[in-house]
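Asker: Provided herewith is a single structure, encoded as structure tokens, for subsequent inquiry.
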Amino acid sequence: MVCYSDGLRGCTYSHSLYPAFGYSFAGYHGFLCCRKFSGLFFLFETISKQTGIAMKYLAFLAMNLLFVQCDYAQSLPVVQANSKNVSVRDGQVFQKGVWNLSPEVKPDVYQALEPMVEKRITFYTDIDSVSFDVTPGKTYDFLIVLNKKDTCYTRISTIRTASQTALDSKADKLMEPTLLQQDFKVFRESLEKHHAGIYTYRSKQVLDRFMDSCYLALNRPMTTLEFGKPILQVISALQDGHTRSNLPALLMKHYTDNEKVFPIHPYFMKNKAYVLCGEGLPAGTEIIQIDGRTIPEIRDKIYTYLPSDGSITANKRQRLNDGAFPIFYHWVYGNQERFEVQYKGQNGTIETIKIGAVGTKNIVCAYEKQRNNTKALQLIWLNASTALLQVRTFDESRIEREKIDFGGFLDSAFTAINKRKIKNLIIDVRDNGGGADDYGALLYSYLSQKPFRYFLSKASNTHTVKLDENPLLGPQKPQPNSFKGQVSILTNGYSFSTTADFCATARHNKRATFIGEETGGGYYGNTSGGRTEVVLPNSQIVVQIPLYKYLNAVRKAEHSDRGIIPDYEVFASIEDILQQKDVELALALGLMR
């Protein structure tokens, strides 16, 4: 009997007896089958030598039963590995070396982060990879063959675990101070151990003092949601937009299912707020105070619970404007049945109204940003001399879902732009939250006419990435068909991560005019490039900690803790917002005339 592997296809069996039965067994995937068949063929051969033909048939019947089991394995994807250490990309979260292969565990189950979200999950071995587009409530099985001999039966699960379900049930249950302090200690130690950019914007002395005060405040029983306040305040104090937790999702679910909230979605603009939609006041009304608190006071208080790079507030403002305010107001200021709202009437007088709390599902908002409904990548001819390139994301998963070849799209787009002799190019990266590092560098290579630098350095707390590990640390070449005309870039507070890196490179090289709002991502770089996930043992709160600090290859800016500040800062009026006028694009077109 011969059993061997071709690397992907698995086993081929050869035996002098089984052709007589009219069967051929070849090409079964995976060493899972190979090992089981090997043992049974040995049994089959032993029985054949010691008994007659009748026992051969009995042994063959047993082999057929196992054949049914292995038929399932035939359809499973198979990947190879020489190392037990495996990295996992779960949606946008890259977890380097987070998974260790265990051939003895069948199946070895990987529990998806945020299992109720559709996304792509990829397992990366040292020599191979496998990807699945996952949906909630399902499992996805595959085989990893370790060192060409050990089969690791692996399963991705998007079924909610007992601990995730328990997190929902703990939202209103009190935890004793000792348990809260234990969780906070795990949280703090994890940040200090893993976060590569923990002291980028705040000194160790300042952060230590702040975290000490948060720890000392854990002196009474609290619910999970109450305990979430110091957790989010510390995350906000780090001034790193890539450090996140599941608390916003937990808050959203809890208040949607159980609570009534402030019945208006306000739209914040500088130091003012206007009614975007809701109950009690018409859209466009300026709100002066809520329950005796001024708008700047309320806004600044809620900002202390929201993450962002450096001192940038544009990203926080966008979150409140996109519907987070009613829930955060309730969470920060407590439960209320009625609210006293001071507002500016139609004739300019200050008036007061009392309005009742409503369920979040009852806040009807017809307003919706049109940009949210556009394609990931789109080239639009605005006139004979001007083109608009919309880049809504650099996220590989979304781009792949839309069946777009990012590099191919850019090459075709800029070939067409040059063929039409376009003089003015507007690149719209508003609401682009980032994605693949190389996509940002690739886009800029179509704007440059000379070699350029992109990243200056990339390092974790334990490893400094070298040039041969990441080519973006070295000189980058411009594309042969790069654009030579005038460039404007539209940005807002959601222009984050890779998008901010791209914008920083364009600003450093003075290649574009920036219009709109300050980017949500920092000018000098960020901390990202993969995360580790920490589950606090008692509260089950999940914290995602970025592992690599990136420094962009840019000159010194006026502010060390800000994003790319536009050359033309644009704040739409509430009327423009309600009528969905694109004032940033209009200004860009006006400047190009």
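Residues 1 to 593 in full-length UniProt numbering are what the sequence shown lists, from first letter to last. Here a beta-carbon is modelled for each residue, glycine too, at the ideal position from N, C-alpha and C. No experiment lies behind these values; they were computed from the predicted model shown.
#1: Is His242 helix, strand or coil when you go by DSSP?
#2: Cα separation between Pro546 and Pro307?
#3: Could you tell me whether the region 404 to 422 touches the region 372 to 382, using the rule of 3 or more Cβ pairs below 8 Å?
#4: Return the residue from the list Thr135, Arg293, Arg420, Asp141 that minimises the CA-CA distance to Ser75.
#5: Put Pro326 into one of helix, strand or coil per three-state DSSP.
#6: For Phe455, tell me which candidate among Ser102, Leu447, Val465 has the shortest Cα-Cα distance.
#7: Identify every residue that forms a DSSP beta bridge with residue 655.
#8: Could you confirm whether any beta carbon from chain C is found closer than 8 Å to the beta carbon of Phe339?
#9: With a threshold of 16 other CB atoms inside 10 Å of the CB of Gln205, please say whether the residue is buried or exposed.
#10: Out of curiosity, what's the CA-to-CA distance linking Tyr329 and Leu218?
#11: Would you mind working out which of Arg120, Asn335, Ile144 sits nearest Asp128, comparing C-alpha positions?
#12: Can you have a look at Phe571 and say buried or exposed, based on whether 16 or more other CB atoms are within 10 angstroms of its CB?
#13: Are the beta-carbon atoms of Thr154 and Thr135 separated by less than 8 Å?
#14: Identify the continuous beta strand (DSSP E) that holds Thr285 and give its terminal residues.
#15: Express the C-alpha separation of Gln95 and Leu146 in angstroms, rounding to a whole number.
#16: Straight-line CA distance for Leu395 to Arg120?
#17: Using the Cα positions of His559 and Phe132, report the straight-line distance between them to the nearest angstrom.
#18: Does Gln540 come out as helix, strand or coil in the three-state DSSP assignment?
#19: For Leu216 and Lys272, what's the separation of their Cα atoms in angstroms?
#20: Look at the alpha carbon of Cys214 and the alpha carbon of Ser412, and state the distance between them as a whole number of angstroms.
#21: Using the beta-carbon count (16 or more within 10 Å), is Ser528 buried or exposed?
#22: Whole angstroms is fine: what's the gap from His265's alpha carbon to Gly278's?
#23: Name the DSSP bridge partner or partners of Phe262?
#24: Where DSSP assigns a beta bridge to Asn526, which residues make up the other side?
#25: Assess, as a yes-or-no matter, whether the region 562 to 577 is touched by the region 514 to 525 under the definition of 3 or more beta carbon pairs within less than 8 Å.
#26: Can you give the beta carbon distance from Tyr494 to Gly433, rounded, assuming they're within the 8 Å contact cut?
#27: Provide the residue(s) that pair with Cys152 in DSSP beta bridges, ordered along the chain.
#28: Rounded to the nearest angstrom, what separates Trp381 and Leu388 at their Cα positions?
#29: Mind the definition here: the region 550 to 566 touches the region 222 to 236 only if three or more C-beta pairs lie below 8 Å; say whether that holds.
#30: Whose C-beta lies closer than 8 Å to the C-beta of Glu118 among residues of the same chain, with five residues either side of it excluded?
#31: Can you check which of these residues, Lys106, Val79, Met175, is closest to Val130 by C-alpha distance?
#32: In the DSSP assignment, what residue or residues form a beta bridge with Lys119?
#33: Determine the DSSP secondary structure at Glu234, reduced to helix, strand or coil.
#34: In terms of residue numbering, what span does the beta strand (DSSP E) encompassing Thr491 cover?
#35: To the nearest whole angstrom, what separates the beta carbons of Gln544 and Thr304, a pair I think is in contact under 8 Å?
#36: With a threshold of 7 Å on Cβ separation, who are the neighbours of Ala504 within its own chain once the five nearest residues in sequence on each side are excluded?
Answerer: In brief:
#1: coil
#2: 13 Å
#3: yes
#4: Asp141
#5: helix
#6: Val465
#7: Outside the displayed span of the chain (1 to 593) sits residue 655, for which this structure offers no information.
#8: Chain labels in this structure do not include chain C; a single protein chain is all it has.
#9: exposed
#10: Computed Cα separation, rounded: 22 Å.
#11: Cα-wise, what sits closest to Asp128 is Ile144.
#12: Exposed.
#13: no
#14: Looking at the DSSP string, Thr285 is not in any beta strand (DSSP E), and its letter there is neither H nor E.
#15: Computed Cα separation, rounded: 20 Å.
#16: According to the sequence provided, residue 395 is Asp. The question's Leu does not apply to it. Straight-line Cα distance between these residues: approximately 11 Å.
#17: 42 Å
#18: coil
#19: 35 Å
#20: 54 Å
#21: buried
#22: 6 Å
#23: Note: Phe262 sits in no beta bridge, so no partner.
#24: Tyr550
#25: yes
#26: Taking a contact as a CB-CB distance under 8 Å, the pair Tyr494 and Gly433 counts as one, their CB atoms being some 6 Å apart.
#27: Ile144
#28: When rounded, the distance between both Cα atoms is 6 Å.
#29: The region 550 to 566 vs the region 222 to 236: no contact.
#30: Asp133, Val134, Thr135, Pro136
#31: Val79
#32: Val134
#33: Residue 234 is actually Val in this sequence, not Glu. Helix, per DSSP.
#34: 486 to 491
#35: Contact flag wrong, Cβ pair sits at about 20 Å.
#36: Correct list, in chain order: Tyr523, Asn552, Val554, Ile564.
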